[in-house]
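Below is one structure, written out as structure tokens, with a few remarks after it.
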Amino acid sequence: MKIPRLLKLAPPVAIGVGAAAWLISTAEPPARIDQSERSVVARIVIAEMTRVRTTVRGYGNVQAARNWEAVAEVAGTIVWRHPNLETGNVVSEGTKVLRIDPTGYELAIAQAEADLAALEADTAQLGVDEANTSRLLALEEGRLTLAEAELARVRDLSERGVAAQSTLDAQERTTLQVRRGVEELRNANALIPSRRARLEAQVARTRTILARAARDLDKTDISAPFDLRISEVHVEHHQFVSAGQSLVAADDIGQAEITAQIPVDSFRRLLSGATGNGPMTISDLSERFADIVAEVRLVSDPSQTWTGRLVRVESALDPQARSVPAVIAVDNPYAGANPPLRLPLVPNMYVEVILTGPEEPARITLPDGAIHEGDVVYLRNEEGRLEVRTVSVDWRQSGIVVLDGGIAAGEDVIVDDLMPAIPGMIVEPAEGSE
13 MKIPRLLKLA
23 PPVAIGVGAA
33 AWLISTAEPP
43 ARIDQSERSV
53 VARIVIAEMT
63 RVRTTVRGYG
73 NVQAARNWEA
83 VAEVAGTIVW
93 RHPNLETGNV
103 VSEGTKVLRI
113 DPTGYELAIA
123 QAEADLAALE
133 ADTAQLGVDE
143 ANTSRLLALE
153 EGRLTLAEAE
163 LARVRDLSER
173 GVAAQSTLDA
183 QERTTLQVRR
193 GVEELRNANA
203 LIPSRRARLE
213 AQVARTRTIL
223 ARAARDLDKT
233 DISAPFDLRI
243 SEVHVEHHQF
253 VSAGQSLVAA
263 DDIGQAEITA
273 QIPVDSFRRL
283 LSGATGNGPM
293 TISDLSERFA
303 DIVAEVRLVS
313 DPSQTWTGRL
323 VRVESALDPQ
333 ARSVPAVIAV
343 DNPYAGANPP
353 LRLPLVPNMY
363 VEVILTGPEE
373 PARITLPDGA
383 IHEGDVVYLR
393 NEEGRLEVRT
403 VSVDWRQSGI
413 VVLDGGIAAG
423 EDVIVDDLMP
433 AIPGMIVEPA
443 EGSE
């Protein structure tokens, strides 16, 4: 039963095999496609030696370089106040802004001058007394000489029995009285220097009191020590103030300062390019700072800029950011002010500080996009093929990378990121490549 069924299937199978053989024999062979090398089009720049200036940026608030706070050194009532002594007003150097009642100090001066005049009169009288005492002493010394001569003569007569004893005693009493008068005058004359010294001390003390009173009188006038802008006024007209009380607070308008926070590495690189590459000492800082150009830019309006200078760094790093607090000074921050078009540089403005160092020796620099995976550069070699090379990156700034080695000047550097980057593949320069 199975053999006849297989025989029924044989003809169709034979027909199918024959048709397949015919189709294979009459079909055209597959076309051959030549395999070409892979190539890419990329932007290329030529590596060049470039002198680069180190530029670092920081931000900070503006503050006045100097602040002035007027403190009353004497007590009294405010008897005069300048009409422009109001918050925000500008006061020129030497302008008197307040006056404390000087009456008490003027009376103290008058009293001291009167005491000084009396002492000077006493001193003059002492000179007259000294002259009179000297003249009297000379006369008494002459009388003493005569009395002693007379005593010697009477004693001689008494010894020979010519003069009575009473006469001798009377002459001795006379001589002793004259001698006593001479000694008293000599003692009085000896006291003259000590009396003069005492008067001179009293004169000096009175002169000191007079000078103190004059100084206190001078302190009753409060004047601006430099051009300033008033920030606070603590007293009013007719108000009594005590010594040590704050009167006025103001800011110097001649110079402003900004303390900008600069990363430690960036600041070290900035200083290393200034005034040579030798070891840096504290005494060299001011010289190195002089080579650094500072520009101050208002954050809210970058078109407004001021030229500054790096003057110092504060004594400690910022405790939070661990950055260098660099102090930039701007001279004449009010110069050219024309609000609202041009603002003065006033305290509490938030600004950006751009510090630019001197030109450093020529180095290979590349666009930041030409560095791949941290330190890999794609090159187009002389045969126009891709070469992958590892380089040494020194530092980066403002979209450029400064290399420390790995590439020579004149080599073609691929800027684009190739995917995949197969070494040896052909690289065609894109239009606009340098």
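Just add 12 to the spot in the sequence shown (first one is 1) and you have the numbering used here. Just so it is clear, CB atoms sit at the ideal spot from N, CA and C, and this is done for glycine as well. Just so it is clear, the structure is predicted and the values come from calculations on it, not from any experiment.
Whole-Å CB distance - residue i paired with residue j, under 8 Å assumed
i, j, result
"D380", "R408", "6 Å"
"L180", "V166", "5 Å"
"I304", "T368", "7 Å"
"G70", "A347", "That pair is no contact at about 23 Å."
"A159", "T187", "4 Å"
Which of helix, strand or coil DSSP assigns to residue i
i, result
"E132", "helix"
"I45", "Confidence in I45 is poor, its pLDDT being 49 and thus under 50, which makes the residue's placement unreliable; the coordinate value appears in the next sentence. Three-state DSSP puts I45 in coil, outside helix and strand."
"A255", "coil"
"R167", "helix"
"R147", "helix"
"L355", "coil"
"I121", "helix"
"M13", "Only weak support is given to the placement of M13: the predicted model assigns it a pLDDT of 45, under 50, and the value that follows is read from those uncertain coordinates. M13: coil per DSSP, three-state reduction."
"I90", "strand"
"V174", "coil"
"G417", "strand"
Residue range of the unbroken alpha helix (DSSP H) whose run includes residue i
i, result
"V215", "Q177 to D230"
"V276", "V276 to S284"
"R448", "Because residue 448 is not part of the residues shown, which for the chain are 13 to 446, the question remains open."
"A82", "Where A82 is concerned, there is no enclosing alpha helix (DSSP H), although the beta strand (DSSP E) it sits in stretches over N79 to V83."
"A302", "L297 to A302"
Spatially closest choice to residue i from the options, by CA coordinates
i, options, result
"P359", "P373, V342, L353 and Q137", "V342"
"G411", "V427, A420 and E399", "V427"
"D230", "N199, A84, S404 and V52", "A84"
"W318", "A338, A133, R354 and P432", "R354"
"V68", "R280, Q137, G256 and N101", "R280"
"A150", "R397, L283 and E196", "E196"
"V325", "E171, M361, G348 and I270", "I270"
"V363", "V389, Y390, H384 and G320", "G320"
"A130", "E307, I340 and A216", "A216"
"L91", "N101, A82, V109 and W80", "The sequence shown places Val at residue 91, not Leu. Comparing Cα-Cα distances from V91 to each of N101, A82, V109 and W80, the minimum goes to V109."
Residue range of the beta strand (DSSP E) that includes residue i
i, result
"R55", "Neither: R55 is in no beta strand (DSSP E) and is coded neither H nor E."
"L329", "Counting along the chain, L329 falls outside any beta strand (DSSP E), and DSSP gives it neither H nor E."
"R309", "V305 to L310"
"D343", "V336 to D343"
"D239", "Run containing D239: none; DSSP gives neither H nor E here."
"T11", "Any answer about residue 11 is impossible in this case: the structure gives the chain only from 13 up to 446."
Residue i - partner residues in DSSP beta bridges
i, result
"N96", "Beta-bridge pairing links N96 to no other residue."
"Y6", "Beyond the ends of the chain as shown, which are 13 and 446, falls residue 6; an answer cannot be given."
"P435", "Answer is none; P435 lacks a bridge partner."
"Q137", "In DSSP, Q137 forms no bridge with anything."
"E244", "A261"
"A349", "Looking at the DSSP assignment, A349 forms no beta bridge with any residue, so it has no partner."
"I234", "L110"
"P441", "A54"
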